[in-house]
Ligand SMILES: Cc1cc2nc3c(=O)[nH]c(=O)nc-3n(C[C@H](O)[C@H](O)[C@H](O)COP(=O)(O)O)c2cc1C
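In the numbering used here, the protein residues as written are 12 to 221.
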């Protein structure tokens, strides 16, 4: 059983709640084969024409530029990491209503027809990662779980749509810590309760897979 933890915050755990969620999750995993994919530590050029130029050149056997080599290697590394995983854990903050750009780049690398999804002969989308499970760990300073605010939340909602809705992974655990910036007096309790849920999720996963 291989666990891939996609860590998407390079702020220290003493300051960033989602980094603390990552740390707590790791501390409470037991007896599992765990790999961290740190999107801020990886060399991940932005997805765009450099990649398409590289593919065209590779088909023609032409030499790649430095940026083209880097993006091809980075995309392959992300895809290999995802492929090898049975469970994929995403630990990320909500920043400016969405996910950090580095995590977006990871998704851009693996969101590939023929790899994570395909279209069948009737034009229907078919998920290709239905044998994998996903865990969502996310923090947001405001409250985005009410009917009025939920449509603005594009971090956890986005990741769930991508990995669950498109890739077909089963989302087995989801822990959201929210509202600690909106209600500073309640922040210590909100964060402590959320981190306890993160620890429980890690322990449940360890128990299932031991
Ligand atoms: C750059 C940045 C942007 C943020 N944008 C929002 C936001 O749009 N809405 C919100 O409620 N909180 C926002 N926050 C607060 C975070 O959601 C909060 O700190 C939460 O704990 C997740 O981020 P963290 O893990 O980096 O702490 C932002 C924080 C940072 C550092």
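Using N, Cα and C, we set each Cβ at its ideal position, and we do this for glycine too.
In this structure, the beta-carbon distance from residue 75 to residue 68 falls below 7 Å.
Under the three-pair Cβ rule at 8 Å, the region 199–208 counts as touching the region 14–32. Here residue 125 is exposed: its Cβ has fewer than 16 other Cβ atoms, across all protein chains shown, within 10 Å.
In the pairwise beta carbon analysis, the region 146–162 is classified as touching the region 180–190: at least three pairs are separated by under 8 Å. In the DSSP annotation of this structure, residue 143 is not part of any beta strand (DSSP E), being labelled neither H nor E. By the C-beta criterion, the region 151–158 is judged not to be in contact with the region 113–125, since fewer than 3 inter-stretch pairs fall below 8 Å.
Straight-line measurement puts the Cα of residue 73 at about 45 Å from the Cα of residue 163.
With fewer than 16 other beta carbons inside 10 angstroms of its own, residue 57 counts as exposed.
In the DSSP assignment, residue 160 forms no beta bridge with any residue. Here the alpha carbons of residue 64 and residue 218 stand approximately 46 Å from one another. According to the DSSP assignment, residue 82 belongs to no beta strand (DSSP E) but to the alpha helix (DSSP H) extending over 77–95. DSSP places residue 15 outside any alpha helix (DSSP H); the residue lies instead in the beta strand (DSSP E), whose first and last residues are 13–18. If you measure from each CB to the nearest heavy atom of ligand 1, the residues under 6 Å come out as 20, 22, 27, 28, 29, 30, 104, 105, 106, 107, 108, 150, 151, 152, 153, 192.
A residue is called buried when at least 16 other Cβ atoms come within 10 angstroms of its Cβ; residue 127 meets this threshold and is buried.
Judged by pairs of C-beta atoms under 8 Å, the region 129–144 does not touch the region 74–92, as fewer than three such pairs exist. According to the DSSP assignment, residue 130 belongs to no alpha helix (DSSP H) but to the beta strand (DSSP E) extending over 128–130. Between residue 131 and residue 12, the C-beta gap is not smaller than 7 Å, which leaves the two residues out of contact.
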